[in-house]
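Below is one structure, written out as structure tokens; the observations come after it.
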Amino acid sequence: MSELDLLYTPVEEELRASVRAMLAQRCGFTSVLARTESDQPYDTELWAILAGQMGLAGLAVPERFGGAGASLRESAVVLEELGRAVAPVPYLGCAVVAATTLFSCGEPDLLAGLAAGERQVALAVPFATPPARAWSPTVKADGDELSGTVRGVADAITADVLVIPASHGLFAVESARVRRKPVTSLDETRRLCDVSLDGVPGRLLAEGEQAVAAVTGGLLAGAALLASEQLGVAEWCLETTVAYVAQRYQFGRPVGSFQAVKHRLADVWVEVAQSRAVARHAAASLASDDPDAPIAAALAQAHCGPVAVAAAEACVQLHGGIGMTWEHPAHLYLKRARSAALAFGAADEHRLELSKLINLPPAPARPGREDGATAP
Amino acid sequence: MPEPIPAAQVSILVNEFLAGHDPAGDRIEFLRARFDAGLAWLHYPRGLGGLAASRALQPLADDAFALAGAPDNDPRRIAVGLGMAAPTLLRHGTDEQRRRYLRPLWTGEEVWCQLFSEPGAGSDLAGLACRARRDGDSWLVSGQKVWTSQAHYARWAILLARTDPDVPKHQGLTYFICDMHAPGVQVRPLRQLTGESEFNEVFLDEVRLPDDLRLGAVGEGWRVARTTLMNERVNIGGQALPREGGMIANLAQTWRERPELRRPGLHDAILRAWVRAEAIRLTSARLRRQLAVGEPGPEGSAVKLAFAGLLQEIAGLELELLGGEAQRHDDWRPGNGDSVDFLERSATHRYLRVRGTSIEGGTSEILRTIIGERVLGLPAEPRSDLDVAWKELPR
């Protein structure tokens, strides 16, 4: 196992600065909040800027497919910033999950359209699917005609093309021919939808083992990179709470001067510092095709999801009453953190997957002897 | 500023050195020569064992020497000297002090220990009572120090003593180098809850220290001590481990090798500990990379705090997993506890010993306050001890 670089390169810091500046300009909390109660939960204008003008959709796509030829390390930095802003754009689903899946299928045209920011693509599997159970199609293919339903898909409402696992293969479908029913979601900044197809023609992208590998790879990249978004969420929660408790006075002094408050935030900081190392490690492992990438991804979701949740819960708690209001941003981060912690499987599912990868097998269901004899 | 040393240059210098010095020859002579060639601690100044190079190059030199079968300076035995005394001497010592002490410190000819904590001054170190009174060109020191490892074979100690009880506590301290061979220094082993004695109590009775053993100005002891303490935390958090390295390895191996012990309720708890161990290991790795390019920062506190809790969690789980076996202990005899080996003793020993990880080198409670105030910038708690003469404080 080679030593991976867990720091940020100067290029990555530049990328971060440009994404942060754009989000500060175009993705304020008030507009994000208003959008959650509208029928346009995703910000397509912002997406056009990020994906098209700034070229971020194709960041990790090789240059021969029209991408920027960077890697998932850089995509991870973009996701940290999108997490900090709870930005309602389909970056994770399109630029990470779908792009990785299409690349694995060897699908040049669609990938080039995605990289150029012209075609938004989503992989139509439930957002809560763990990478280890990636292939569980609920859609049937009759020849190239697809029928069935996929529930709880993320980043699909505004997609132009859906990539759908069906029966024996993976198909591309023009989304205009598909029924997408928006789901009232816990996290309305990433509204889910239920996808239904009734005899819709699809174009076969991959079959058999290759199809399974493509979907598994896409979800693995999603799980690994989601950790960076979760890091961004946690960072925002920590910074915002620290700033608040430093200036909120009760009992004649800032509440942040009380140990009970200070120590809880110190614990969050320690956890966030670890999340950064774990998220960087996951992105670097994926980017370098490390054979232990599945371990890194499972570790990332076992660790970074719960940390973001803890940070968001501390944020609400330490803001006191204002943290319980609709007008304060904290709730959007809490909902993002909670919902994201269930994406690609909950932490316990990732721990169970880890137990297979690192050979720590489960205990038998009942202790004692199977033949019913009592122990001496 | 001279040009930084490129990595390739380090290998050349080590090879040139090895060509002229036999690694199988006299150990101390070899180490002295390595120091004089600037190949001891590469980031130290020229003339003081270094080349003013980047810290990141140190492993290159260490690996090259190890590969050649060269003797090392037994870094565990002289950890206090290397990790705490040396950076403090470098930053606050006079040229004469640095020339006198750093070389035998690095070669291990002179072992250093630390005389900071006292029975009445633990977390509140600045409240310490050990008195140093000026007497002509020297100082007379009296008091009691505690938790001093290696005191019984140390040649020197770093010592924090009160020189002025009439000013607020932080202002009345002065930092000294204590001669452990001076009359009036008495060392007694301190037995701890494991039965061993890793540490000592040190009694100082009118110990005469010449003024040239003072490190930094009179009354500046606290500022000097902060250099020492910051480096202590870096040291504790700084070891490189492979995946599943350290105490988690014992737990994981026991689970793998003894299926009869496995119980459903423990599986997820063990996986949680494994995840936590790996997260802290990666955080340490990241910290080491940061250190390689700069000075120790506050992240050392994060690793120290997290690591303390992790070891306690793992040690507790290990006892649960072992069940009734963990009602047996290996050995309560005092033995020789000069160094702690978490891995070679029984699980019950580990469990007991790691109670100390959240106490030694700064309690976890104090570390949380430090993180809250110095890293996050949160306002300090109101305090009643800062503007009062030390002698007026209740104790």
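The listed protein sequences derive, respectively, from chains X and B. If you're matching positions, the first sequence starts at 1 in my numbering and goes up one per residue. If you're matching positions, the second sequence starts at 1 in my numbering and goes up one per residue. Ideal placement from N, C-alpha and C gives every residue a C-beta, glycine not left out. These numbers come from a predicted model, not from an experiment.
query, result
"C-alpha gap between residue 274 of chain X and residue 385 of chain B, whole angstroms", "35 Å"
"Cβ shell of residue 321 of chain X (< 6 Å), same chain only, five flanking positions each side left out", "none"
"Chain-ordered chain X contacts of residue 290 of chain B [CB-CB under 9 Å]", "7"
"Three-way DSSP call (helix, strand, coil) for residue 130 of chain B in this model", "coil"
"8 Å Cβ cutoff met for residue 219 of chain X and residue 138 of chain X", "no"
"Beta-carbon gap between residue 191 of chain X and residue 183 of chain X smaller than 8 Å", "yes"
"Any 3 or more C-beta pairs closer than 8 Å across the segment 195-206 of chain B and the segment 142-160 of chain B", "yes"
"Local conformation of residue 200 of chain B per DSSP, three classes", "strand"
"Beta bridge counterpart(s) of residue 142 of chain B as assigned by DSSP", "B/131"
"Which of helix, strand or coil DSSP assigns to residue 192 of chain B", "coil"
"Proximity of residue 56 of chain X and residue 78 of chain X at Cβ, strictly below 8 Å", "yes"
"Buried versus exposed, by CB contacts within 10 Å (16 or more), residue 87 of chain B", "buried"
"Between the CA atoms of residue 74 of chain B and residue 334 of chain B - distance to the nearest angstrom", "24 Å"
"Chain X contacts from the segment 365-389 of chain B (Cβ-Cβ distance under 9 Å)", "365, 367, 368, 369, 370, 371, 372, 373, 375, 376, 377, 378, 379, 380, 381 and 382"
"Nonlocal neighbours in the same chain, by C-beta distance under 8 Å from residue 203 of chain X, ignoring five residues either side", "144, 171, 172 and 173"
"CB contact flag (residue 277 of chain B, residue 310 of chain B, <8 Å)", "yes"
"Residue 288 of chain B to residue 199 of chain X span [Cα, whole Å]", "57 Å"
"Reference residue 122 of chain X, options X/155, X/245, X/136 and X/104, closest by Cα", "X/155"
"Residue 84 of chain X at chain B interface by Cβ criterion, 8 Å", "no"
"Inter-residue spacing [alpha-carbon to alpha-carbon] between residue 228 of chain X and residue 216 of chain X", "19 Å"
"Start-end ranges of the alpha helix (DSSP H) lying completely within the segment 170-252 of chain X, minimum 4 residues", "208-247"
"Nearest residue (CA-CA) to residue 179 of chain B, options B/171, B/374 and B/206", "B/206"
"Proximal residues, the segment 262-281 of chain B versus chain X, C-beta separation under 9 Å", "262, 263, 264, 265, 266, 267, 268, 270, 271, 272, 274, 275, 276, 278, 279, 280 and 281"
"Top-ranked residue by Cα proximity to residue 396 of chain B, from B/47, B/194, B/218 and B/98", "In the structure as shown, chain B begins at 1 and stops at 395. Residue 396 of chain B is therefore absent and cannot be evaluated."
"Distance CB(residue 98 of chain B)-CB(residue 90 of chain B) smaller than 8 Å", "yes"
"Burial state of residue 14 of chain B (16 or more Cβ within 10 Å)", "buried"
"Reference residue 23 of chain B, options B/69, B/102, B/394 and B/241, closest by Cα", "B/69"
"Residue 68 of chain X at chain B interface by Cβ criterion, 8 Å", "no"
"Opening and closing residue of the beta strand (DSSP E) in which residue 179 of chain B lies", "173-179"
"Status (buried if at least 16 other CB within 10 Å, exposed otherwise) for residue 267 of chain X", "buried"
"Span of the alpha helix (DSSP H) around residue 80 of chain X", "72-84"
"contact_flag[the segment 113-131 of chain B, the segment 238-249 of chain B] where n(CB pairs < 8 Å) is 3 or more", "no"
"Contacts around residue 280 of chain X, its chain only, beta-carbon distance under 6 Å, and the 5 residues preceding and following it disregarded", "6"
"Minimum Cβ-Cβ distance from residue 302 of chain X to chain B less than 8 Å", "yes"
"Short Cβ contact (8 Å threshold) for residue 89 of chain X with residue 336 of chain X", "no"
"Buried or exposed by the 16-neighbour rule on C-beta atoms within 10 Å, applied to residue 47 of chain B", "exposed"
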